[in-house]
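Chemist:
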Amino acid sequence: RPLNIPRKEKDFQGMLEYKKEDEPKLIKNLILDLKPRGVAVNLIPGLPAYILFMCVRHADYLNDDQKVRSLLTSTINGIKKILKKRGDDFETVSFWLSNTCRFLHCLKQYSGEEGFMKHNSTRQNEHCLTNFDLAEYRQVLSDLAIQIYQQLVRVLENILQPMIVSGMLEHETIQGVSGVKPTGLRKRTSSIADEGTYTLDSIVRQLNTFHSIMCQHGTDPELIKQVVKQMFYIIGAVTLNNLLLRKDMCSWSKGMQIRYNVSQLEEWLRDKNLMNSGAKETLEPLIQAAQLLQVKKKTDEDAEAICSMCNALTTAQIVKVLNLYTPVNEFEERVLVSFIRNIQMRLRDRKDAPQLLMDAKHIFPVTFPFNPSSLALETIQIPGSLSLGFISRV
Amino acid sequence: QRARPRVLLKAPTLAEMEEMNLSEDDDSP
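Chains as they are written, first to last, in our numbering: chain R, 3 to 396; chain B, 1092 to 1120.
1. Which chain R residues are close to B:GLU1110, counting only those with a beta carbon under 7 Å from its beta carbon?
2. Starting from the C-beta of R:THR102, find all residues in its chain whose C-beta is less than 7 Å away, skip the five residues before and the five after it, and write them out in chain order.
3. Who are the neighbours of R:ARG125 on chain C, taking C-beta pairs under 9 Å?
4. Do R:LEU171 and R:THR241 have their CB atoms nearer than 8 Å?
5. Tell me the residue span of the alpha helix (DSSP H) that contains R:TYR20.
6. Which residues does DSSP list as the beta-bridge partners of R:SER394?
7. What's the gap between the Cα of R:PHE366 and the Cα of R:GLN232?
8. Just to confirm, is the Cβ distance from R:ALA305 to R:GLN290 under 8 Å?
9. Hey, is the region 126 to 140 of chain R in contact with the region 59 to 69 of chain R, meaning 3+ C-beta pairs nearer than 8 Å?
10. Should R:ILE46 be labelled buried (16 or more other beta-carbon atoms within 10 Å of its own) or exposed?
11. Taking DSSP's pairing of strands, which residues face R:PHE134 in a bridge?
12. Using a C-beta cutoff of 8 Å, does R:LEU136 count as contacting chain B?
13. Could you check if R:ASN275 is buried or exposed, using at least 16 other CB atoms within 10 Å of its CB as the buried criterion?
14. Ignoring anything shorter than 4 residues or poking outside the region 216 to 263 of chain R, list the alpha helix (DSSP H) runs there in chain order.
15. In chain B, what lies closer than 9 Å to R:ASN79 by C-beta?
16. Short of 8 Å in beta carbon distance, which residues of its chain neighbour R:ILE78, apart from the five on each side in sequence? Order them along the chain.
17. Excluding the five sequence neighbours on either side, which residues of its own chain have a C-beta within less than 7 Å of the C-beta of R:ASN263, listed in chain order?
18. For the alpha helix (DSSP H) that contains R:GLU328, what are its first and last residues?
19. Looking at the structure shown, is R:LYS363 part of a helix, part of a strand, or coil, going by DSSP?
20. Going by the beta-carbon positions, is the gap between R:LEU324 and R:LYS299 smaller than 8 Å?
21. May I have the straight-line CA-CA distance separating R:LEU349 from R:LEU162, to the nearest angstrom?
22. In chain B, which residues lie less than 8 Å from R:ARG207 when you measure between Cβ atoms?
23. Can you tell me where the alpha helix (DSSP H) with R:GLY89 in it begins and where it stops?
24. Using the rule of at least 16 other Cβ atoms within 10 Å of the residue's Cβ for burial, across every protein chain shown, is R:HIS121 buried or exposed?
25. Give me the Cβ distance between R:THR221 and R:SER96, rounded to the nearest whole Å; I'm assuming they're in contact under 8 Å.
26. Anything in chain B within Cβ reach of R:LYS82, meaning under 9 Å, just list it in chain order.
27. Tell me the rounded alpha-carbon separation between R:MET311 and R:MET165.
28. Taking the C-alpha atoms as reference points, what is the distance between R:LYS227 and R:ALA362?
29. Going along chain B in order, which residues have a C-beta closer than 7 Å to the C-beta of R:VAL70?
30. My guess is that R:LEU109 and R:ARG140 are in contact by the Cβ rule of under 8 Å, so how many angstroms apart are they, rounded?
31. Is it a yes or a no for the region 200 to 220 of chain R touching the region 35 to 50 of chain R, going by three-plus beta-carbon pairs under 8 Å?
32. Buried or exposed: which applies to R:VAL339, given that a residue is buried once 16 or more other Cβ atoms fall within 10 Å of its Cβ?
33. Assuming R:GLY48 contacts R:ARG104 (C-beta within less than 8 Å), just tell me the rounded distance between them.
34. Does R:ASN133 have its Cβ less than 8 Å from a Cβ in chain B?
35. Consider the Cβ of R:VAL142: report whether some Cβ of chain B lies at a distance smaller than 8 Å.
This is the structure we're talking about:
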């Protein structure tokens, strides 16, 4: 009986062999039935992508183009199928966005193309595909990743949407700043709002949840930055649009409230080392609207100051805020029509878009910068929990 | 220097893959 000598890592070549007839089972167990909250929680980030790629490597090694095509097509269709089925679940969409990107990076990193090999180890360069150029499939995967990203944005928008107006505008994070005596006992902390309303803390907690799930899935840092920038844009646009449509939101104290809330969001960015994500800049129109609520609005100098300060607001938005502005008490005067005319005259040369509201549905174009992995394929082991016993390491 | 160039595998678009999938689903009992 041959000695059962355990093969050392160095003997494996980082490929996975499977029978053609087992491909449906591979797709079912690794994609369709895999639960991100279930066994996937304990996987190394991107493991499904590495497994699929190691299967592609073996089919390439066999020089079997049909097997390569079939696996790639089934993989793409499998991911689309699971996202059709569970596409409103943030964890599922985030999980397959990060695995689709990792699969795309593997196809590049091991393509044999010079530009993608710069960070490869010698061993990794030995693991490059030998027979097929999969550049066209990489393009299809990139198209799929864009679709998944847009789906992720819709999911997080649906979760955030109900929180924004209440958390950013209505709830008084700074108690009493509006001059209204807090009813009954002063609320202990800003996160305890009336039943069912959201506070700024609710929004921050949700941002934390999104961020930790994406980190847990091993999502590329550059992609996390783009998701966060998109989230902040949505928060800023929805908040500003509501401010522009509600007289009760245009007061000095609301300006103070908004500036405080924005500072808390900036604090969150700093905590997560995301100050360079472009997210803060998407809040600029809201920040300027809040400042406009707080600055003096009487003299020529005031008009000059407002025109130079509000470069991220359109003329229509500036005029609207000034028209809606409501003095917080009888000692304060309303904004005079003549002052608003003065502003309009000063801004008449701007080539502003006429629309009043921001496009809260706008999705920034997404990019997937190449992000090679240092993980050595020959060391990857398949956990039994994936029920992939019909696949063997080569 | 590589022995021979890799063969470019022509890929269907996402939409074409979807059609393939639908036809397979139709075939499946």
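Note that the Cβ used here is the ideal one computed from N, Cα and C, for glycine as well. On a predicted model such as this, the values are computed, not experimentally measured, just so you know.
Modeler: In terms of the structure at hand:
1. None at all; the shortest Cβ gap to chain R is about 10 Å.
2. ILE81, LEU143, LEU146, ALA147 and ILE150
3. Reference to chain C is not applicable here, since the protein chains of this structure are R and B.
4. yes
5. Counting along the chain, R:TYR20 falls outside any alpha helix (DSSP H), and DSSP gives it neither H nor E.
6. R:GLU19
7. 7 Å
8. no
9. yes
10. exposed
11. B:VAL1098
12. yes
13. exposed
14. 223 to 247
15. MET1108, GLU1109, MET1111, ASN1112 and GLU1115
16. VAL142, LEU143 and LEU146
17. MET170, THR175 and LEU202
18. A small fix is needed here, since residue 328 of chain R is Thr in this sequence, not Glu. Premise fails: R:THR328 is in no alpha helix (DSSP H) and is neither H nor E.
19. coil
20. yes
21. 35 Å
22. Residues of chain B passing the Cβ test: none, with the nearest at roughly 36 Å.
23. Per DSSP, R:GLY89 belongs to no alpha helix (DSSP H) and is neither H nor E.
24. exposed
25. 7 Å
26. LEU1105, MET1108, GLU1109 and ASN1112
27. 29 Å
28. 19 Å
29. LEU1100
30. 5 Å
31. yes
32. exposed
33. 4 Å
34. yes
35. yes
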